[in-house]
Amino acid sequence: MAGEGVISKRDFHKAMESHKHYTQSETDFLLSCAETDENELLDYEEFVERFHEPAKDIGFNVAVLLTNLSEHMPHDTRLQTFLELADSVLNYFQPYLGRIEIMGSAKRIERVYFEISESSRTQWEKPQVKESKRQFIFDVVNEGGEKEKMELFVNFCEDTIFEMQLAAQMSDAGERSAVKEESEREKPDEENPEMGFFSVTTVCMALLALRYNVMLLIK
């Protein structure tokens, strides 16, 4: 990169070949999609926004579809063929694929899939959240009956929601402070931090849905 978010087409070609993720035909196709200026420089950020993000959305939807089908038809030989072909796609999206089970209006368990953003995964790995998970597992193993375990789970959901929100606020404050120090003389036109398909708020909403359904079971 030239420090301005641009890269020469030649260097872009070399970078793709060095990663060895693409076949020659795939590399040639991507290069044919790349638009350069009069100096043969490619705006990498624009290229990613134009091609990578839509492809990522499509890939995630494919991963959701195949995951759902594999759970409903685990022994279907035709499906196994597709799963083998899409193995790399499934492995890529697996860490970002969240799933909750909720009680539908017909009193049937329904599975809901959602994408976990990178920021949410980061918050989930914060020390205070990991400690809550550890303590929850310890309590469940050592406590008594099923009702007590359910109540522990509800409390865990509430604590996790609070801790993730707090961790996100602290992280945002730290990022804003770092940006301010780096650009004291430059005032940005607007703040528009890049977020994943689902934010921390979405994960919190998912946990709230879990809490609601667990409360129904307790009652």
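Residue 48 is where the sequence shown starts when you use the numbering used here, and the numbers rise one by one after that. Using N, Cα and C, we set each Cβ at its ideal position, and we do this for glycine too. This structure is a prediction, so every number in the text was calculated from the model and none was measured.
What do you reckon, are the CB atoms on residue i and residue j nearer than 8 angstroms?
i: leucine 130; j: serine 117; result: yes
i: leucine 88; j: serine 55; result: yes
i: threonine 70; j: histidine 60; result: no
i: leucine 126; j: methionine 120; result: yes
i: glutamate 148; j: arginine 158; result: yes
Expressed to the nearest angstrom, what Euclidean distance is found between the alpha-carbon atoms of residue i and residue j?
i: glutamate 93; j: serine 152; result: 44 angstroms
i: glutamate 82; j: threonine 114; result: 36 angstroms
i: methionine 63; j: arginine 57; result: 10 angstroms
i: serine 166; j: aspartate 84; result: 34 angstroms
i: valine 95; j: glutamine 170; result: 25 angstroms
i: tyrosine 91; j: serine 65; result: 17 angstroms
i: tyrosine 139; j: lysine 67; result: 16 angstroms
i: serine 72; j: lysine 103; result: 20 angstroms
i: glutamate 178; j: valine 53; result: 42 angstroms
i: tyrosine 160; j: leucine 137; result: 14 angstroms
i: glutamine 175; j: methionine 150; result: 30 angstroms
i: serine 164; j: glutamate 172; result: 13 angstroms
i: asparagine 86; j: threonine 124; result: 52 angstroms
i: threonine 128; j: histidine 122; result: 11 angstroms
Applying the criterion that 16 or more other CB atoms from any shown protein chain within 10 Å of the CB defines a buried residue, is residue i buried or exposed?
i: glutamate 241; result: Bear in mind that a pLDDT of 44 at glutamate 241, under 50, signals an unreliable position, so the model cannot answer this.
i: phenylalanine 98; result: exposed
i: glutamine 182; result: exposed
i: glutamate 100; result: exposed
i: glutamate 162; result: buried
i: serine 135; result: exposed
i: serine 79; result: exposed
(request) Spell out a yes or no on whether the region 137 to 149 and the region 104 to 112 are touching, meaning 3 or more CB-CB pairs, one atom from each, closer than 8 angstroms. (result) yes
(request) Mind listing, in chain order, the continuous beta strand (DSSP E) runs of no fewer than 3 residues lying wholly within the region 99 to 157? (result) 144 to 150
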